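J.:
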DNA sequence: CGGATATTGTTATAATATAACGTAACATTA
DNA sequence: TAATGTTACGTTATATTATAACAATATCCG
Ligand SMILES: [Zn+2]
Ligand SMILES: [Zn+2]
Ligand SMILES: [Zn+2]
Ligand SMILES: [Zn+2]
């Protein structure tokens, strides 16, 4: 039950995203190897496409990209890969967008909260213990056993807000 | 910016639900009248069907019920009513279920959080200031302007857990 | 190798939601 | 009340997201 001390910031507009991608794939490789999970060519490629940026991406978008690459792909192709990646903790599903985004710290037990910019589409993953404990408190009072939390905040990120101001 | 002091409890198994329904519809009538919103026959009926119980209900379920009542109804019929009811603050959409549930306190400015039992399907609406302020704190640190929060907790309610224990 | 298991291919279909356009009901005011 | 504008509803078609079912292939292990 480890927990991050410093939740991720919103991805800066000018950050070096190539390192995000290579780092994510390296972590995924290592984690799967260690856990005996089979990160096949297809699954690896889907993960790579998801990590192409910090914007959650839809299943059919991914499907179209696979098809354009010449791969034989149908909806089950992509959904099965997404299932594997989610069960392995390598990606998250953003329920409010029906879209998928890479996990910032796979392998760690964490509740994820997402802040999603409605302008640029970027999503920041957080792991705020205060939110989690506030929910736990309510659950305790209700006698409710928590299985899964869906916490997604839509709005405007700092960068987009500054640019939209006259 | 009023806020409830005593968040609702999980609906008890044996509560008198008829009063929930009549109360909800009376409130809706009064609120719409006061706000100049047109709670038409169709919209009223859809709201009533949603309040039939405390389980979020899907759009196509509602559609089927309308059809069985002899009303001419197609998907747009129900989705337009749902849009009206949501915009008027009379119902909430449960994103993780693609389903709709009556609001417990329409007319009041409130962030809603839902605790949803995976066994009985019942949903409890809460308005926990601690959750809201924890999110606000994160948002402030990120420079993020919050527009909409989606907070849905799935799990097992006290009643169902007691019944599932050997 | 050979049989078991896991992954992928393939076709069809389910479930949720919206676009587009016409008609009817209602409201406003001349 | 008739003309007019507005809102709501009817209707058909289609978009979007996701899964069922079964066949073919690849991978693992004794
Ligand atoms: Zn990046
Ligand atoms: Zn994560
Ligand atoms: Zn009730
Ligand atoms: Zn509410």
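Chains as they are written, first to last, in the working numbering: chain X, 89 to 254; chain C, 89 to 254. We put the beta carbon where it would ideally sit given N, CA and C, even for glycine. Note that this is a predicted model, so its numbers are computed, not measured.
1. Compare the C-beta of residue 218 of chain X with all C-beta atoms of chain C and state if any pair is closer than 7 Å.
2. At a cut-off of 6 Å, would you count residue 136 of chain C as near ligand 2, judging by its Cβ distance to the nearest heavy atom?
3. Any idea what DSSP makes of residue 155 of chain X, helix, strand or coil?
4. In whole angstroms, what separates the C-alpha of residue 194 of chain C from that of residue 172 of chain C?
5. Let me see if you follow: with CB-CB separation under 7 Å, is residue 214 of chain X close to chain C or not?
6. Taking 8 Å as the cut-off, does the segment 234-245 of chain C touch the segment 214-226 of chain C (at least 3 CB pairs, one atom from each stretch)?
7. Have a look at residue 122 of chain X and residue 214 of chain X and give me their C-alpha separation to the nearest angstrom.
8. Counting pairs of Cβ atoms below 8 Å between the segment 152-165 of chain X and the segment 181-189 of chain X, do you hit three or more?
9. How far does the alpha helix (DSSP H) with residue 120 of chain X in it extend, from its first residue to its last?
10. In the DSSP output, what is residue 214 of chain C paired with across the bridge?
11. Should residue 105 of chain C be counted as a contact of ligand 3 given a C-beta to heavy atom distance under 6 Å?
12. Among X:220, X:251, X:229, which residue has its Cα nearest to the Cα of residue 238 of chain X?
13. In chain X, what lies closer than 7 Å to residue 184 of chain C by C-beta?
14. Quick check: the Cα distance between residue 110 of chain C and residue 124 of chain C, rounded to an integer number of angstroms?
15. Can you tell me whether residue 99 of chain C sits near ligand 3, meaning its C-beta is under 6 Å from at least one heavy atom of the ligand?
16. What does residue 97 of chain X reach in chain C if we use C-beta pairs closer than 8 Å?
17. Please classify residue 101 of chain X: is it buried, with 16 or more other beta-carbons within 10 angstroms of its beta-carbon, or exposed?
18. In chain C, which residues lie with their C-beta within 9 Å of the C-beta of residue 189 of chain X?
19. For residue 249 of chain X, which residues in chain C fall below 8 Å Cβ to Cβ?
20. Closer than 6 Å: is that where the CB of residue 245 of chain C sits relative to any heavy atom of ligand 3?
T.: This is what the structure holds:
1. As a first step, residue 218 of chain X must be located in the first chain, where it is residue number 130. At least one chain C Cβ lies under 7 Å of residue 218 of chain X.
2. Position 48 of the second chain holds residue 136 of chain C. Every heavy atom of ligand 2 is 6 Å or more from the Cβ of residue 136 of chain C, so no.
3. Here residue 155 of chain X corresponds to residue number 67 of the first chain, with the count starting at 1. Three-state DSSP puts residue 155 of chain X in a helix.
4. Position 106 of the second chain holds residue 194 of chain C. Position 84 of the second chain holds residue 172 of chain C. The alpha-carbon atoms of residue 194 of chain C and residue 172 of chain C are separated by roughly 13 Å.
5. As a position in the first chain, residue 214 of chain X is number 126, starting the count at 1. With 7 Å as the cut-off, residue 214 of chain X counts as an interface residue toward chain C.
6. Contact between the segment 214-226 of chain C and the segment 234-245 of chain C is established, with three or more Cβ pairs separated by less than 8 Å.
7. For the purposes of this step, residue 122 of chain X is identified with residue 34 of the first chain, where counting begins at 1. For the purposes of this step, residue 214 of chain X is identified with residue 126 of the first chain, where counting begins at 1. The straight-line gap from Cα to Cα measures roughly 25 Å.
8. Fewer than three beta-carbon pairs drawn from the segment 152-165 of chain X and the segment 181-189 of chain X are found closer than 8 Å, and the two stretches are therefore not classed as touching.
9. Residue mapping note: residue 120 of chain X aligns to position 32 of the first chain, counting from 1. Note, residue 120 of chain X: alpha helix (DSSP H), 105-123.
10. As a working note, residue 214 of chain C is residue 126 in the second chain. DSSP, once it has assigned bridges, lists C:201 as partnering residue 214 of chain C.
11. As a working note, residue 105 of chain C is residue 17 in the second chain. Answer for residue 105 of chain C: yes, Cβ within range of ligand 3.
12. Counting from 1 along the first chain, the entry for residue 238 of chain X is found at position 150. Considering only alpha carbons, the answer is X:220.
13. Translated into the one-based positions of the second chain, residue 184 of chain C becomes position 96. Residues of chain X whose Cβ lies closer than 7 Å to the Cβ of residue 184 of chain C are, in chain order, 183, 238.
14. One-based indexing of the second chain puts residue 110 of chain C at position 22. One-based indexing of the second chain puts residue 124 of chain C at position 36. Near 21 Å, if we compare the C-alpha coordinates of residue 124 of chain C and residue 110 of chain C.
15. If you number the second chain from 1, residue 99 of chain C lands on position 11. Result yes, Cβ under 6 Å from ligand 3.
16. Against the first chain, residue 97 of chain X aligns to sequence position 9. Listed along chain C, the residues sitting closer than 8 Å to residue 97 of chain X by beta-carbon distance are 230.
17. Locating residue 101 of chain X in the first chain gives position 13, where the first residue counts as 1. With fewer than 16 Cβ atoms within 10 Å of its Cβ, residue 101 of chain X is classed as exposed.
18. Taking the first residue of the first chain as 1, we reach residue 189 of chain X at position 101. Taking a Cβ-Cβ cut-off of 9 Å, residue 189 of chain X has no neighbours in chain C, whose nearest Cβ is about 15 Å from it.
19. On the first chain, position 161 is the one that residue 249 of chain X refers to. 231, 233, listed in chain order.
20. Numbered from its first residue, the second chain carries residue 245 of chain C at position 157. No; taking the cut-off as 6 Å, the Cβ of residue 245 of chain C has no heavy atom of ligand 3 nearer than that.
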